[in-house]
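S.K.:
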Amino acid sequence: MQTQSNNSPIGIFDSGIGGLSIAKCITEQLPRENIIYVADSKYAPYGEQSFETIIERVNTIAQWFIEQQCKAIVVACNTATVNAIDQLRAQVSIPIIGVEPAIKPAVALSKNKKIGVLVTSATAENPRFISLINQHKNGSSVFVQPCPGLVNMIETGQQGSHECFALLTKFLSPLLASNIDQLVLGCTHYPFVSEQIKHIVGNNVNLLETAQPVTEQLSRQLKQHEIVNLSDSCGKILFYSNQHKANHNQLLSSLWSTQLRFTSFI
Ligand code: DGL
Numbered sequence: 315m316q317t318q319s320n321n322s323p324i325g326i327f328d329s330g331i332g333g334l335s336i337a338k339c340i341t342e343q344l345p346r347e348n349i350i351y352v353a354d355s356k357y358a359p360y361g362e363q364s365f366e367t368i369i370e371r372v373n374t375i376a377q378w379f380i381e382q383q384c385k386a387i388v389v390a391c392n393t394a395t396v397n398a399i400d401q402l403r404a405q406v407s408i409p410i411i412g413v414e415p416a417i418k419p420a421v422a423l424s425k426n427k428k429i430g431v432l433v434t435s436a437t438a439e440n441p442r443f444i445s446l447i448n449q450h451k452n453g454s455s456v457f458v459q460p461c462p463g464l465v466n467m468i469e470t471g472q473q474g475s476h477e478c479f480a481l482l483t484k485f486l487s488p489l490l491a492s493n494i495d496q497l498v499l500g501c502t503h504y505p506f507v508s509e510q511i512k513h514i515v516g517n518n519v520n521l522l523e524t525a526q527p528v529t530e531q532l533s534r535q536l537k538q539h540e541i542v543n544l545s546d547s548c549g550k551i552l553f554y555s556n557q558h559k560a561n562h563n564q565l566l567s568s569l570w571s572t573q574l575r576f577t578s579f580i
């Protein structure tokens, strides 16, 4: 039995803290909406998990959101979107909004038609992702760079370390050698190292992320399904995680400029 209403929360999840880059944009632009965020950090990185594990985690979290009467779900993770969104949509009747690397806008913006894409290993190998590139590349050269180890650095709060800088330099060097002028951040964790990336790639490479288009797509879906929250007050946001790390609470508090904590999730 459906018990969702316009005041029901929107469930947002990622393998960890990466989806907070999207949750922040949603809370700023749709401030009346109630949000439940799940960081599935115990199973991060999804990018190094099997297809079966990704499907199992996505279904478990979606089922929990439905038990919380969520009216829509945002899969704030490129890896989970390309691997599991079709089967999820086939199972649940509420709107499901996914995240896909911004290949199409990158192609439109590129002057020299050379585009780099940073992704997790599980996204790089995924047929849906490969077909997204073929669909939108329109004669451009698209260089895909998997970044194993990078999500783990961000999850464990090491994004400012020399090791992280060295890892980024290793992943970005071949893209710079290919003379890219657009760089797509194809994982929601990567905006948390965008300053380090800019330092390495310089001013001639434009970075693209997906928080804004995902928020716009969510807004359209809420209107289309007539489930916009029309309350006069600001919505509540609750954060759940299944692996507690001090740096996660720090990131939350600094993003929302107030003291916040993750609560335990199964
Ligand atoms: N943040 C996720 C993504 O956008 C998942 C990264 C991972 O857990 O490997 O792909």
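Heads up: the sequence shown at position 5 corresponds to 319 in the numbering used here, and the numbers run straight through without jumps.
Glycine included, every Cβ here is placed at the ideal spot set by N, Cα and C.
Because the structure is a prediction, the values reported are computed rather than measured.
Should His-503 be labelled buried (16 or more other beta-carbon atoms within 10 Å of its own) or exposed?
M.R.: buried
S.K.: Leaving out five residues before and five after Ile-369 in sequence, what residues of the same chain have Cβ atoms less than 6 Å from its Cβ?
M.R.: Ala-398
S.K.: Which residues bound the alpha helix (DSSP H) around Ser-533?
M.R.: Where Ser-533 is concerned, the enclosing alpha helix (DSSP H) stretches over 525-538.
S.K.: Check this for me: beta carbons of Phe-443 and Thr-437, under 8 Å apart or not?
M.R.: yes
S.K.: Compare the Cα-Cα distances from Asn-466 to each of Thr-395, Gln-363 and Leu-521 and report the closest residue.
M.R.: Gln-363
S.K.: Let me know the secondary structure DSSP gives Asp-354 once reduced to three states.
M.R.: coil
S.K.: Confirm the yes/no value for this check: CB of Cys-478, any heavy atom of the ligand FMN, distance under 7 Å.
M.R.: For the structure depicted, the ligand FMN is absent and the ligand set comprises only the ligand DGL.
S.K.: Which of the three DSSP states is assigned to Ile-511 in this structure?
M.R.: helix
S.K.: What's the call for Ala-513, buried or exposed, on a 16-neighbour Cβ count within 10 Å?
M.R.: For the sequence presented, residue 513 should be read as His rather than Ala. With fewer than 16 Cβ atoms within 10 Å of its Cβ, His-513 is classed as exposed.
S.K.: Going residue by residue through the region 452-528, where are the continuous alpha helix (DSSP H) segments of at least 4 residues, counting only ones entirely within it?
M.R.: Those alpha helix (DSSP H) runs which fall completely within the region 452-528 and span 4+ residues are 464-469, 476-491 and 508-515.
S.K.: Any idea if Gly-325 is buried or exposed, counting beta-carbon neighbours within 10 angstroms, 16 or more meaning buried?
M.R.: buried
S.K.: Mind the definition here: the region 367-384 touches the region 505-521 only if three or more C-beta pairs lie below 8 Å; say whether that holds.
M.R.: no
S.K.: So, with DSSP's three-state summary, where would you put Gly-265?
M.R.: Nothing can be reported for residue 265: it is not among the residues displayed for the chain, which extend from 315 to 580.
S.K.: Looking at the structure shown, is Ile-331 part of a helix, part of a strand, or coil, going by DSSP?
M.R.: Reduced to three states, the DSSP call for Ile-331 is coil.
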